[in-house]
Amino acid sequence: MLVLDRAKGRWEDRLFRDLPSYLSPGDALVLNNTRVLPARLFGRRAGARATKSKNHISGVVEILLLQQIRGNPMRWEALVHPGRRIRVGEVVRFAGGVEATIVDRGAFGLRVVEFPQQQGLLEKLAEIGHAPLPPYIRRSDEVADRERYQTVYASRPGAVAAPTAGLHFSPGILGRLDLEGIKTIEVTLHIGLGTFQPVRAANVEDHAMHPERYEISARAAEQLNAAKRRVAVGTTSVRTLEHGIRDGAGTFRASSGDTDLFIYPGFEFKALDALLTNFHLPSSTLLMLVCAFAGRELVLDAYAHAVRKKYRFYSYGDCMLIR
């Protein structure tokens, strides 16, 4: 764990087990309790014949379910590959007798897929779905990834990526934190396209975040308002906090809905005192959020140090505490 001191403009190399020593009684760790769905599906276009070439099997379709359409639980926003070949009206068939129809095109290159019946779909996903590992993990998913790619406190199914800063926690360290008077507060942000879509706009201000669903319970709002300091675990917790405090006009209240909050340098933080986060990809909204909180030059200098010291980056990598 790299510990970055914003006020002093310096850092130190520590271990994650040292985290409690940087926190005080009355501080609150804010955790995103979303749970990753096995939302990656492989099927075949109805009527397509399977033919093989050197690098391709024709008719095979990959669908990554992102989130259900509000008001119509049988329909999901999804990424479809190969998207250009799949037309509206086509049917894709999966194992276990599951099928879906491409019913519409949406913004951000998305498709809308409809399943004949919603009842039992999540159970079917558990049977036929795959863990949606990031594309830079160059291996097929394994059964173990169903749990390995989850935080130990994941409880609310709905994400297509893990809040990876939370992967460092174990029941043991959560118990230590509790004994030392450091509270944990759970919020929910179901990670989807908004989090992992890179910034491609020439001007940062022109980047549009795909909305993601969040929830702050009444109990969580009460705890957040009472916390001495709020320490977010992961950038998705930050976005939930900053959206929530703005939605509550300066205080937290029970709320839920969609957030497309994009945090980049120049952003005025109102809810955050410290941040535990992993090391992120270039051109990502996550790195921009970290730079907004700690300052671009300081963050990039700290990243250069992390590279020299061979810190591991990205989803299963090491972490940084910014105080």
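Following our numbering, the numbering of the sequence shown begins with 80 at its first residue and continues without gaps. Beta carbons are placed, not taken as given, at the ideal position from N, Cα and C, and that holds for glycine.
Annotated three-state conformation of D339 is coil, per DSSP. About 6 Å separates the beta carbon of T267 from that of T113, a gap short enough to meet the 8 Å contact definition. Just so you know, the alpha carbons of R172 and A210 end up roughly 19 Å apart. With distances taken between CA atoms, D285 lies nearest to P277 out of E291, P277 and R292. The beta carbon of A174 lies closer than 6 Å to those of I207 in the same chain, with the five residues before and after it left out.
The continuous stretches of alpha helix (DSSP H) do not include G237, which lies in the beta strand (DSSP E) extending over residues R235 to A238. Taking G396 as the centre and dropping the five residues before and after it, the same chain places the C-beta of N357 and F358 closer than 6 Å to its C-beta, in chain order.
Closest in alpha carbon position to E221, among Y343, P117 and Y101, is P117. The alpha carbon of Y393 has as its nearest neighbour, out of E294, D326, A241 and R89, the alpha carbon of A241. Short of 8 Å from the beta carbon of G188, and not among the five residues preceding or following it, lie these beta carbons of its own chain, in chain order: L158 and G162. Rounded to the nearest angstrom, the gap between the Cα atoms of G323 and S334 is 7 Å. In the displayed model, T274 falls within a helix according to three-state DSSP.
Beyond the five residues adjoining it in sequence on each side, F121 comes within less than 6 Å, by CB distance, of E141 in the same chain, given in chain order. In the displayed model, A118 falls within coil according to three-state DSSP, outside both helix and strand. S334 has I295 as its beta-bridge partners, per DSSP.
Between R255 and D106 a beta carbon distance of about 13 Å is seen, past the 8 Å cut, so the two are scored as non-contacting.
With a 10 Å radius around the Cβ and a threshold of 16 neighbouring Cβ atoms, V82 comes out buried. V317 places its beta carbon less than 8 Å from that of L354. The DSSP-derived three-state label of N304 is helix. In the structure shown, the three-state DSSP call for A385 is helix. According to the DSSP assignment, P213 belongs to no beta strand (DSSP E), since it is labelled neither H nor E.
Taking the CA atoms as reference points, A125 sits about 15 Å from E193. For P152, the enclosing beta strand (DSSP E) has its first and last residue at N151 to H160. An exposed status is given to L379, since fewer than 16 other beta-carbon atoms sit within 10 Å of its beta-carbon. Membership of L253 in the alpha helix (DSSP H) is indicated by the continuous run P250 to L258. P290 is a Cβ neighbour of G273, given a cutoff of 8 Å.
Leaving aside the five residues that flank A300 on each side, the residues in its chain whose CB is nearer than 7 Å to its CB run, in chain order, F331, R332 and A333. Apart from the 5 residues on each side of it in sequence, R96 sits with its Cβ closer than 8 Å to the Cβ of I252 in its chain, given in chain order.
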